[in-house]
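Residues -25 to -1, 1 to 119 (mature numbering (1 follows the signal peptide of the UniProt record, and there is no 0)) make up the sequence shown, in order. Every residue, glycine too, gets a C-beta built ideally from N, C-alpha and C.
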Amino acid sequence: MYLWSHRDSLWLILLLGLLLPVTRAEGNVTVLPAAFLHDLLERYGDNEVLLLHQLKALLNRLDVGVGNAKMPTDPSTANLSKCYSSSELFAVHNLNNNSRIDAAAFRHICPTILQQLESGACAAENQENEEDEDNLLLKPTPSE
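Next comes the structure, spelled out in structure tokens:
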């Protein structure tokens, strides 16, 4: 006889949350929570799997992963207020060029992306990158 554990109950709640629709109060629009993940994986990946360069494209679109911070050798001393480069973020999650990021792996990476967005750590570096890009556009072309 199998007895339900607290962990089993949490998994059931999580699965129900993924399967039950969400309805907006002001309309009859119903969206499944998994639809948001599916949309990102379809737009940036192939067959609902992201390769590392596709994840990097998404990070670039979000202005995350543009930093030059160096990962400390001791993770307990990590400064999460720094803007980490995409390579450093990939290293945190043990990803390499052969990695395939499926829905489960993407859910694992999302808190890292959200933390970098919420902290604003990359905002100053993004501003500098945008200014550099603007300056490049202002330079005369060789034909001018």
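Helix, strand or coil at V4 according to DSSP, with G and I counted as helix: Here residue 4 is taken as the residue at index 29 of the sequence shown, counted from 1. Coil at V4, not helix or strand.
Within 8 Å, strictly: CB atoms of S94 and L37: For this step, residue 94 is matched to residue 119 along the sequence shown. For this step, residue 37 is matched to residue 62 along the sequence shown. No, they are not a contact pair.
Bridge-paired residues (DSSP) for D21: On the sequence shown, position 46 is the one that residue 21 refers to. V24, per the DSSP bridge assignment.
One or two residues paired with V41 in a DSSP bridge: Sequence index remark: in the sequence shown, residue 41 carries index 66 (1-based). Paired residues: S60.
Beta carbon of L15 nearer than 8 Å to that of L33: In the sequence shown, the residue the question calls residue 15 occupies position 40. In the sequence shown, the residue the question calls residue 33 occupies position 58. Cβ atoms of L15 and L33: closer than 8 Å.
With 16 other Cβ atoms within 10 Å as the buried cut-off, status of residue 133: A query on residue 133 cannot be resolved here, the shown segment of the chain reaching from -25 to 119 and no further.
6 Å Cβ shell around S61 - same chain, five flanking residues per side excluded: Here residue 61 refers to the residue found at position 86 of the sequence shown. Closer than 6 Å at Cβ, skipping near neighbours: K31, L34 and G40.
Residue from N72, N71, I76 and H68 with nearest C-alpha to G20: Along the sequence shown, read from residue 1 onward, the residue named residue 20 stands at position 45. Here the closest residue by C-alpha is I76.
F81 beta carbon less than 8 Å from that of L25: Reading the sequence shown from its first residue, position 50 is the one you call residue 25. Reading the sequence shown from its first residue, position 106 is the one you call residue 81. Yes, Cβ-Cβ distance for L25 and F81 is below 8 Å.
A79 and E23 closer than 8 Å at C-beta: Start at 1 with the first residue of the sequence shown, and residue 79 comes out as number 104. Start at 1 with the first residue of the sequence shown, and residue 23 comes out as number 48. With respect to the 8 Å criterion, A79 and E23 are not classified as neighbours on the basis of their beta carbons.
R75 - partner residues in DSSP beta bridges: Locating residue 75 in the sequence shown gives position 100, where the first residue counts as 1. Residue pairing of R75 in beta bridges, as defined by DSSP: L26.
Y59 versus A96: straight-line alpha-carbon distance, rounded: Position 84 of the sequence shown, counted from the first residue, corresponds to residue 59. Position 121 of the sequence shown, counted from the first residue, corresponds to residue 96. About 8 Å.
Close Cβ partners of V67 (< 7 Å) along its chain, the five nearest in sequence each way excluded: The residue given as residue 67 occupies position 92 in the sequence shown. Counting only Cβ-Cβ distances below 7 Å, and skipping sequence neighbours, we find T87.
6 Å CB neighbourhood of E17 in its chain, flanking five on each side removed: Here residue 17 is taken as the residue at index 42 of the sequence shown, counted from 1. None.
Where C97 falls: helix, strand or coil (DSSP): Against the sequence shown, residue 97 aligns to sequence position 122. Assignment of C97 by DSSP, reduced to helix, strand and coil, places it in the coil class.
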